[in-house]
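Trainee: I'd like to ask some things about the structure below.
There are 2 protein chains.
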Amino acid sequence: MEGSRLTEAVKRDIGAAVGGSCSTALEDRICYSFDATDIRGLPDIVVWAESRDQVVAVMKIASQARLPVVPRGAGTGYTGGSIPICGGIALSFEKMTCIVDVNVEARVAVVEPGVVNDDLRSTVERLGLMYPPDPASLKVSTIGGNVAEGAAGPRTVLYGTTRDYVVGLELVMMDGSIVRTGYLAGDSDVAWDPGPLIVGSEGTLSVVTSVALRLTDAPEVTRTYWAEFGSLDGAAAAVAMITADGMPVSVLEIMDGDTLACATEYVRGRAPDTRSEGALLIEVEGAADDIAGMWGRLQPLLEKCGATGCRAASDENERDEIWEIRRSISASLARLGTGKINEDIAVPRSRIPVFIAEMRRISAEVDLPILAFGHAGDGNLHVNIMLDRANQLHMVRARQAVSALFSAALELGGTLSGEHGIGITKAEHLAEELDEAALGVTAAVKRALDPSALLNPDKILSSRPNPWWDGLKAPSVGA
Amino acid sequence: MEGSRLTEAVKRDIGAAVGGSCSTALEDRICYSFDATDIRGLPDIVVWAESRDQVVAVMKIASQARLPVVPRGAGTGYTGGSIPICGGIALSFEKMTCIVDVNVEARVAVVEPGVVNDDLRSTVERLGLMYPPDPASLKVSTIGGNVAEGAAGPRTVLYGTTRDYVVGLELVMMDGSIVRTGYLAGDSDVAWDPGPLIVGSEGTLSVVTSVALRLTDAPEVTRTYWAEFGSLDGAAAAVAMITADGMPVSVLEIMDGDTLACATEYVRGRAPDTRSEGALLIEVEGAADDIAGMWGRLQPLLEKCGATGCRAASDENERDEIWEIRRSISASLARLGTGKINEDIAVPRSRIPVFIAEMRRISAEVDLPILAFGHAGDGNLHVNIMLDRANQLHMVRARQAVSALFSAALELGGTLSGEHGIGITKAEHLAEELDEAALGVTAAVKRALDPSALLNPDKILSSRPNPWWDGLKAPSVGA
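Chains as they are written, first to last, in the working numbering: chain P, 1 to 479; chain R, 480 to 958.
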């Protein structure tokens, strides 16, 4: 859909409602027109909300003027969720960065949506507590964005995703009404709570203005291990064995050989040089007694799967070196040059070896490198198709590869999206995962909570094709 | 609302759809017309569904004929959720009692909705696993009913409620479409999952035909303690101190003096005779090492609050004796005679002493005994107004007491319902807890998922007054 355009009168109303904390300057609008997808959508106006009441006022004006509202955290998304593809208001939460309360006894933090994940983490760490969800973007991405996308991370294997930590929300609906849920509604538990619908709804059902998050105790001991393999299949087999063993794994990250080469090149000097066809980064955590014998249990299992370079980090320094490799992957791939298409899929953990074989087949078929790394512990793989976006043939083949990768994931009982959401880029594939009845319920809920269809329009449920493929010829089979 | 009546043709269609597993005999209809509330609503037909496909067929016929459908587990509810107050189809799940799968590795059980809670418990116990939600009705109530009401129990303080264990559902919507969520949809996590809306929705949004439930490891050690107090306030103070202490309490049940007298009289010979003004039943659980010193930590704390008869169960036999008292409460109160009105409210744990003082004031004001017991650990109290239902004055005063108790709970930041739901009896009070915006979202979700309003109509969101008060004069203030 296309919303109305911004009139001068509406612009004045918005300016008055937010005390001038807004802009229609082209340079500002451009800054809020994109995320990590290379898709662009220019908002008519950028609003930096400073309070819940300002959000309410803006929503009422937008409803009246039939202007789309697109909430936005740090804009680090991989599926276009925060892009104002229909214009309207880019509603930024950069100024709502208050950690309102940390209730140590109840183990709950209440934060504004603009709080950066890592700021919350370090604040609660000082109180001996932990906020587990740790997306790779944690140094920039916001809690509001994490809630919108249902963000996961390396620790998800043990701790679950953002979904498992949201215990209360303050929502502003498109008509400006305020709904509080869970902890923020005094843990009221009558009738049904819309809260769980909101996590992962990508800002399409309501705007979040406050989040109550469950915290956990920090683990007594964490141990970090590294293992390299002669083949990615070996690493994938080790994932399956570790999972079946039931040890208290809190991180289980996999990297293929190309990813590893790229990342180690990038961190040269800051981490040991390493070359292999696959690697695992493993952490276990728990009480000191429980963790003591873990390496003795893990190492033989890794070696049985063909691991060569196994090591346990002996101190914090060695731990940082190991993590440095993992954390540099995205930046290192970006430096490779021309471009990449990053898709996150998830498959049952036991099917990772099968998926990886299928991925290699697809890579060969389309003649484009496909690099894989990610959260093997919960079956969530980040699959990167390396290409030159200006090259039509590359793009035609990439489109073919994306479709084939999604089909493979679904075929194996997996999902289109482990944590990046559907947004714009995966909307055209949603019907491959959800059947007609589930899509019907999804659409009914959208109509119920956003009847005017102004809230982050044309996301998730959209017939708009992925703009990546705009102007491409239809892919020829077997191209 | 009143739905259409059952025609001969529709009756034939239903009979054909369920292979004759239905009845319009008055004696059968009467058996499915009530629950624990003393409210009656006669269905037009009782259907004992034997499979998901039969449910689908019945829903399609009912939609077409505009006949209400009221799903029903064991009918043990305290708010009228399963009563066919508008007639239509009483859809019983008594024949869908299959434990379809227990996946020990994934710690997930998949069951049909008619499985009795205790049957699931004992089945998974044999595999070293535990299904924690333990409503007092567990020997009769079904998983489907537990899901509909969001049932809790003594163990909720440590383990949470049914809501925390449902990881997947198979739903049949009013139009007969089938929607699978979570584990039963291959853990698909794209867009929004209607699953969490369904738990606690009292069969008003969809019918549940399969439930995937998370299981936990059985605790290594459980210890049971009993403490008596010279006053209920002392017991309530101990609850607050135990909670603040942070020990791994898995059960924290409170009983007032009248409840205790009644229950001990009932179990005479099967448990030690005991007379006091308040008692606590406490359990702690965990690893043997962690639990070893627990009594030494608990006992001084109890004594500081004025506990007199403190004891730790030394064996399984003594444990059973202690539980016998708690489990006999409902039956013993029923034997007291004429009648009771049982309301479950919840308040923040620290406010239990204040609520109990307020309850005593209300009891004196209306001149009716009010007995209290319940899950103090999560602030959920079962408040029983003892009365003769045939006595108009009693009923007028009870109505006044119920309103005052709800107001007191809400005033203290509590809720109308800890676990019994809203159903018919609390619907008239819902607007005291949810504000207009929250009610708006609640109603919008109902319209979205049951647009024909045939699914368990006139529950939760209903302008129908509580039938308990039918024919009563308006209560006089200060009666």
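All C-beta atoms, glycine included, are put in the ideal place defined by N, C-alpha and C.
Does the CB of I657 (chain R) have a neighbour CB from chain P at under 8 Å?
Mentor: On the second sequence, residue 657 (chain R) is found 178 positions in, with the first residue counted as 1. It does; some Cβ of chain P falls within 8 Å.
Trainee: Label M942 (chain R) either buried or exposed according to how many other C-beta atoms from any shown protein chain fall within 10 Å of its C-beta, with 16 as the threshold for buried.
Mentor: By one-based count along the second sequence, residue 942 (chain R) stands at place 463. Residue identity check: residue 942 (chain R) is Ser in the sequence provided, not Met. Exposed.
Trainee: Check the Cβ of G145 (chain P) against every Cβ in chain R and list those closer than 8 Å, keeping chain order.
Mentor: Numbered from 1 along the first sequence, position 145 holds the residue referred to as residue 145 (chain P). Near G145 (chain P) there are no residues of chain R at all, since even the closest Cβ is about 17 Å away, more than 8 Å.
Trainee: Note down, in chain order, all residues in the segment 32-56 of chain P with a beta-carbon under 8 Å from any beta-carbon belonging to chain R.
Mentor: Correct list: empty, as no residue qualifies.
Trainee: Look up M174 (chain P) in the DSSP assignment and give the residues it is bridged to.
Mentor: Here residue 174 (chain P) corresponds to residue number 174 of the first sequence, with the count starting at 1. According to DSSP, which records beta bridges pairwise, M174 (chain P) is partnered with nothing at all.
Trainee: Look at the Cβ atom of G674 (chain R), then the Cβ atom of E628 (chain R), and state whether they are nearer than 8 Å.
Mentor: Reading the second sequence from its first residue, position 195 is the one you call residue 674 (chain R). Reading the second sequence from its first residue, position 149 is the one you call residue 628 (chain R). No, the Cβ-Cβ distance between G674 (chain R) and E628 (chain R) is not below 8 Å.
Trainee: So, for N466 (chain P): in the same chain, excluding its five sequence neighbours on each side, which residues have a beta-carbon less than 7 Å away from its beta-carbon?
Mentor: For the purposes of this step, residue 466 (chain P) is identified with residue 466 of the first sequence, where counting begins at 1. Hits under 7 Å: I424, T425, E428.
Trainee: Per the DSSP calculation, D101 (chain P) is bridged to which residue(s)?
Mentor: Translated into positions along the first sequence, residue 101 (chain P) becomes position 101. According to DSSP, D101 (chain P) bridges with P:V110.
Trainee: Can you check whether the C-beta of G560 (chain R) is within less than 8 Å of a C-beta belonging to chain P?
Mentor: Counted from its first residue, the second sequence places residue 560 (chain R) at position 81. By this cut-off, G560 (chain R) is not an interface position.
Trainee: Tell me whether P353 (chain P) sits in a helix, a strand or coil according to DSSP, three-state version.
Mentor: Here residue 353 (chain P) is taken as the residue at index 353 of the first sequence, counted from 1. Helix.
Trainee: For a test of the three-state rule: what should DSSP assign to V239 (chain P), helix, strand or coil?
Mentor: Looking up residue 239 (chain P) in the first sequence gives position 239. Helix at V239 (chain P).
Trainee: Which whole-angstrom value is the C-beta distance of N384 (chain P) and K340 (chain P), which I expect to be below 8 Å?
Mentor: As a working note, residue 384 (chain P) is residue 384 in the first sequence. As a working note, residue 340 (chain P) is residue 340 in the first sequence. N384 (chain P) to K340 (chain P), Cβ: 5 Å. Contact.
Trainee: When you compare the segment 711-724 of chain R with the segment 767-774 of chain R, are there three or more beta-carbon pairs, one atom per stretch, that lie closer than 8 Å?
Mentor: With a cut-off of 8 Å, the segment 767-774 of chain R and the segment 711-724 of chain R do not count as touching, because too few Cβ pairs lie within range.
Trainee: Under 6 Å Cβ to Cβ from R963 (chain R), same chain only, skipping five residues before and after it: list those, please.
Mentor: There is no way to answer for residue 963 (chain R), as the model of chain R reaches only from 480 to 958.
Trainee: Taking 8 Å as the threshold, find out whether the segment 345-355 of chain P comes into contact with the segment 409-424 of chain P through three or more Cβ pairs.
Mentor: Yes, since at least three Cβ pairs between the segment 345-355 of chain P and the segment 409-424 of chain P fall closer than 8 Å, the two stretches touch.
Trainee: Tell me whether H382 (chain P) sits in a helix, a strand or coil according to DSSP, three-state version.
Mentor: The count along the first sequence starts at 1 and reaches residue 382 (chain P) at position 382. If DSSP states are grouped into helix, strand and coil, H382 (chain P) belongs with the strands.
Trainee: For R830 (chain R) and chain P, any beta-carbon pair shorter than 8 Å?
Mentor: Taking the first residue of the second sequence as 1, we reach residue 830 (chain R) at position 351. Taking Cβ atoms only, chain P never reaches closer than 8 Å to R830 (chain R), which makes this a no.
Trainee: Within this structure, are the beta carbons of F852 (chain R) and G785 (chain R) separated by less than 8 Å?
Mentor: Start at 1 with the first residue of the second sequence, and residue 852 (chain R) comes out as number 373. Start at 1 with the first residue of the second sequence, and residue 785 (chain R) comes out as number 306. Not closer than 8 Å, so no.
Trainee: With 16 as the cutoff for other CB atoms within 10 Å, does G421 (chain P) come out buried or exposed?
Mentor: Here the question's residue 421 (chain P) lines up with position 421 in the first sequence. So G421 (chain P) counts as buried.
Trainee: Looking only at DSSP bridge pairs, what is F513 (chain R) linked to?
Mentor: Walking along the second sequence from the start, residue 513 (chain R) turns up at place 34. According to DSSP, F513 (chain R) bridges with R:R519.
Trainee: Would you say G629 (chain R) faces chain P, with C-beta separation under 8 Å as the test?
Mentor: As a first step, residue 629 (chain R) is located in the second sequence; it is residue number 150 there, counting from the start. True, the Cβ-Cβ gap to chain P drops below 8 Å.
Trainee: How should E316 (chain P) be labelled, buried or exposed, when 16 other C-beta atoms within 10 angstroms of its C-beta is the threshold for buried?
Mentor: In the first sequence, residue 316 (chain P) corresponds to position 316, counting from 1. With fewer than 16 other Cβ atoms within 10 Å, it is exposed.
Trainee: Could you compute how far the alpha carbon of L951 (chain R) sits from the alpha carbon of D737 (chain R)?
Mentor: For this step, residue 951 (chain R) is matched to residue 472 along the second sequence. For this step, residue 737 (chain R) is matched to residue 258 along the second sequence. Their Cα atoms are separated by approximately 28 Å.
Trainee: Step through the CB atoms of chain R and report whether any lies within less than 8 Å of the CB of A263 (chain P).
Mentor: For this step, residue 263 (chain P) is matched to residue 263 along the first sequence. No, because no Cβ of chain R sits closer than 8 Å to the Cβ of A263 (chain P).
Trainee: Going by alpha carbons, who is nearest to S92 (chain P) out of P:L430, P:L298, P:S330, P:A49?
Mentor: Working through the first sequence from its first residue, we reach residue 92 (chain P) at position 92. Nearest of P:L430, P:L298, P:S330, P:A49 to S92 (chain P), Cα basis: P:A49.
Trainee: Between the alpha carbons of L521 (chain R) and L505 (chain R), how many angstroms are there, rounded?
Mentor: Here residue 521 (chain R) corresponds to residue number 42 of the second sequence, with the count starting at 1. Here residue 505 (chain R) corresponds to residue number 26 of the second sequence, with the count starting at 1. The straight-line gap from Cα to Cα measures roughly 9 Å.
Trainee: For V207 (chain P) versus L158 (chain P), is the C-beta distance shorter than 8 Å?
Mentor: Along the first sequence, read from residue 1 onward, the residue named residue 207 (chain P) stands at position 207. Along the first sequence, read from residue 1 onward, the residue named residue 158 (chain P) stands at position 158. Contact: no.
Trainee: Straight-line CA distance for G286 (chain P) to V221 (chain P)?
Mentor: The residue given as residue 286 (chain P) occupies position 286 in the first sequence. The residue given as residue 221 (chain P) occupies position 221 in the first sequence. For G286 (chain P) and V221 (chain P), the distance between alpha carbons rounds to 6 Å.
Trainee: Using a Cβ-Cβ cut-off of less than 7 Å, list which residues of the segment 915-949 of chain R approach chain P; keep chain order.
Mentor: For the segment 915-949 of chain R, which is checked against every Cβ of chain P, the residues closer than 7 Å are A916, A917, G919, V920, T921, A923, V924, R926, A927, L928, I939.
Trainee: Measuring CA to CA, which of P:M59, P:V239, P:P451 is closest to G176 (chain P)?
Mentor: Here the question's residue 176 (chain P) lines up with position 176 in the first sequence. Nearest C-alpha to G176 (chain P): P:M59.
Trainee: Rounded to a whole number of angstroms, what is the C-alpha to C-alpha distance between V718 (chain R) and P135 (chain P)?
Mentor: Within the second sequence, residue 718 (chain R) is the residue found at index 239, counting from 1. Within the first sequence, residue 135 (chain P) is the residue found at index 135, counting from 1. Going by the C-alpha atoms only, they are around 39 Å apart.
Trainee: Go to V728 (chain R), then tell me how far its alpha helix (DSSP H) extends in each direction, as first and last residue.
Mentor: For the purposes of this step, residue 728 (chain R) is identified with residue 249 of the second sequence, where counting begins at 1. That residue, V728 (chain R), is in no alpha helix (DSSP H); its beta strand (DSSP E) goes 728-735.
Trainee: CB-CB under 7 Å to S542 (chain R), same chain, minus the five flanking residues each way: which ones, in chain order?
Mentor: Your numbering for residue 542 (chain R) matches position 63 in the second sequence. These residues qualify, in order along the chain: M653, D654, G655, S931, L933.
Trainee: Residues of chain R with CB under 8 Å from I482 (chain P), in chain order?
Mentor: Not covered by the structure: residue 482 (chain P). The range shown for chain P is 1 to 479.
Trainee: Candidates P:I30, P:L120, P:L387: which alpha carbon is nearest L215 (chain P)'s?
Mentor: Within the first sequence, the letter at position 215 stands for residue 215 (chain P). Selected option, being the one with the closest Cα: P:L120.
Trainee: Exposed or buried, which one is N103 (chain P) when buried takes at least 16 other CB atoms within 10 Å?
Mentor: As a position in the first sequence, residue 103 (chain P) is number 103, starting the count at 1. Looking at its Cβ environment, which holds fewer than 16 other Cβ atoms inside 10 Å, N103 (chain P) is exposed.
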